[in-house]
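Accompanying notes for the structure given below.
Protein chains in written order, with our numbering: chain A, 96 to 204; chain B, -9 to 135.
Okay, structure coming up:
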């Protein structure tokens, strides 16, 4: 199960290991379970413990973004390593998802 | 010193083998003394190509995926090959954000990632017979004297 922290309407989920096509189904299902509560208005994805991500991960994030957007919510990301940041930027995700520099900024999102 | 080396491995088109292929290519490429960034680039490109073979090449079926790599000097050449259904319209498949499976939340970025992270990408496909993706990257090898 993904480690997560709920603070009011804000949910922080810590992704870990590798996010590829193989792991995408499980991660998608667990994230959907966590954001099923409509009271979640802000979803923060913490990449600190994520070692690898390819374009399958982009698909997972994009799908959760759409759900949060449809309820008027927000998605933010923190602690991306350089490799993950590169994929994030080249796919244009930075145009729709806020990149937060630190937990303090995430706490105010 | 001019280096030359080759390897080939073949595995079943199971999603579990995506990480296997990444580990294999990283272990092979390490003799070129790549930076962590270069290793990440190569692993990601291979992950995309192998995922394509599993998701699209052998959609709903199973078959073998072959990963080949060669080192010549500082250049790493990687081939990912399947005997799956093939791609009818390669330019269209390579367009950013194009996906034949929008309902599966595929990002459509696979070929774009391969193109960005490698120096060269070549895709050959014969519908009904399979697809061969060839990628090349020059490893700077400035890290070890």
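Just so you know, even glycine gets a beta-carbon here, dropped at the ideal spot from N, CA and C.
Within the stretch -3 to 9 of chain B, 5, 6, 8, 9 place their CB atoms closer than 7 Å to a CB of chain A, listed in sequence order.
The alpha carbon of residue 52(B) has as its nearest neighbour, out of 106(B), 41(B), 60(B), the alpha carbon of 41(B). A check of alpha carbon separations from residue 154(A) across 147(A), 119(A), 166(A), 140(A) identifies 119(A) as the nearest. Along the stretch 73 to 98 of chain B, going in chain order, the ones with a CB nearer than 9 Å to a CB of chain A are 86, 87, 89, 94, 95, 96, 97, 98. As the crow flies, the alpha-carbon of residue 161(A) is around 19 Å from that of residue 195(A).
Residue 138(A) and residue 106(A) do touch by the CB rule: their CB atoms are close to 5 Å apart, below 8 Å. The CB of residue 153(A) comes closer than 7 Å to the CB of 97, 99 in chain B, given here in chain order. Between residue 89(B) and residue 96(B), the beta carbon gap of about 4 Å places them in contact (Cβ cut-off 8 Å). A distance below 9 Å separates the beta carbons of residue 123(B) and residue 71(B). If you look at residue 61(B), you'll find it in the beta strand (DSSP E) that goes 54 to 62. For residue 135(A), the three-state secondary structure derived from DSSP is coil. Under the three-pair Cβ rule at 8 Å, the stretch 177 to 193 of chain A does not count as touching the stretch -2 to 13 of chain B. Straight-line spacing of the CA atoms in residue 164(A) and residue 129(A) works out to 16 Å. Closer than 9 Å to the CB of residue 130(B) there is not a single CB belonging to chain A.
Residue contact with chain A for residue 38(B): present (Cβ-Cβ distance below 9 Å to some residue of chain A).
Comparing C-alpha distances from residue 101(A) to each of 112(A), 179(A), 133(A), 156(A) shows the shortest one belongs to 133(A). With respect to chain A, the C-beta atom of residue 103(B) has a partner C-beta closer than 9 Å. In this structure, the straight-line span from the alpha carbon of residue 33(B) to that of residue 116(A) is close to 14 Å. Between residue 125(B) and residue 108(B), the beta carbon gap of about 4 Å places them in contact (Cβ cut-off 8 Å). The Cβ neighbour count for residue 98(A), taken over all protein chains shown within 10 Å, is under 16; the residue is labelled exposed.
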